[in-house]
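Working notes, structure below.
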Amino acid sequence: MSWTDERVELLKKMWSEGQSASQIAKELGGVTRNAVIGKVHRLGLSNRAGAAPAPAAAPAAAAAAPVKEAKPVKEPRPEPEIAEPVAPAAAAEPEPEPAIPAAEERPAAAPVSRTGKTIVPAGQPLPPQPSANEISPEALAKVSEVEKKAKKLTLMELTERTCKWPVGDPATPDFWFCGLPVQQGKPYCEAHVGVAFQPMSSRRDRRR
DNA sequence: CCCTGATTCGC
DNA sequence: GCGAATCAGG
0 MSWTDERVEL LKKMWSEGQS ASQIAKELGG VTRNAVIGKV HRLGLSNRAG
50 AAPAPAAAPA AAAAAPVKEA KPVKEPRPEP EIAEPVAPAA AAEPEPEPAI
100 PAAEERPAAA PVSRTGKTIV PAGQPLPPQP SANEISPEAL AKVSEVEKKA
150 KKLTLMELTE RTCKWPVGDP ATPDFWFCGL PVQQGKPYCE AHVGVAFQPM
200 SSRRDRRR
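Sequence positions in the first sequence follow numbering that gives the first Met the number 0 and run 0 to 207.
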C-alpha cells in the first residue's frame, strides 16, 4: 500500500482525533502501526496535544508543522440524572452481537475526577446485564465466579482483548468492566460470552 | 503481557 | 519517503 492522498487524509483526521497509531493502521489496512507513526512524523504532526508547548528543551521537531488542533472535547454528559440501572430485558437476539457501549471509541474526556473518585457517565448505552432469564444456571454461576477475579478495568482501560462485560451500577464508584481475556472474536470473556450469547435453541419458548 | 509513541537506519 | 526493528515507557 502507498500513502495516497486519501489515506494520508484519513491518517491526519484520525491522528488529530486522538486515535492510536495501531487503530489508524487497522483502519487503513495494509500498514502497520510503525508505518503510521513513521508517516505521522514525516508529516510533522507529532505532537497531538494543544498543551505542553515544549517547556525548556527541544522545540525541534515539527517546527514547520502548523498542526491546527480543534480539540473535539465532548461534553461528558449534559443530562446528569440517569433514570435507573434497571435490568434491561436481557438482550436475546437470534442474531447475537449485543453491541456494547461504545467502549471501543476513545473517550474524549476521562470521567475521572482527580479526587480519585471515578465518575462514570453511563450515558444511554446501558449494557446487557441480562436478568436471570433463560440462561443456564451453570453459566450464571460461572459469571459469579469470574467476577471475583475480574480485572475490574475502567472504561479507558478496555482494549479489544479485554472482556467488556460491565459489572455494578454505572452511577456508583463500584462500577467496572470484567477485563479478563476475551474469547476469540468476542467482546467478552468465556464466562460472559456464555450469558451474552444465547443459542436460539434455548430461546424457543412454550410453543407459540 | 498488553499496549503506547519515538527513533533509527537500511532500503 | 518508507517502515521494520528497536527503544522507552505505561
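Ideal Cβ placement from N, Cα and C applies to all residues, glycine included.
Three-state secondary structure assigned by DSSP to residue i
i	result
residue 175	strand
residue 194	helix
residue 136	helix
residue 152	strand
residue 14	helix
residue 39	helix
residue 166	strand
residue 32	helix
Residue i, buried or exposed, once every other Cβ within 10 Å from all chains shown has been counted against 16
i	result
residue 190	buried
residue 12	exposed
residue 3	exposed
residue 92	Interpretation of residue 92 is limited by its pLDDT of 36, a score under 50 that renders its predicted location unreliable; the figure taken from the coordinates is listed afterwards. Answer is exposed; the Cβ neighbour count stays below 16.
residue 169	buried
residue 20	buried
residue 37	exposed
residue 186	buried
Cβ pair residue i, residue j closer than 8 Å
i	j	result
residue 176	residue 157	yes
residue 149	residue 194	no
residue 41	residue 27	no
residue 14	residue 39	yes
residue 166	residue 146	yes
residue 10	residue 23	yes
Nearest-angstrom beta carbon gap, residue j and residue i [assumed within contact, 8 Å]
i	j	result
residue 181	residue 153	With 8 Å as the limit, residue 181 and residue 153 do not qualify as a contact, their Cβ atoms being about 17 Å apart.
residue 208	residue 178	No statement about residue 208 is possible, as the shown extent of the chain runs from 0 to 207 and does not include it.
Distance cut-off 7 Å: residue i Cβ against heavy atoms of the ligand ATP
i	result
residue 46	This structure lacks the ligand ATP, and indeed carries no ligand of any kind.
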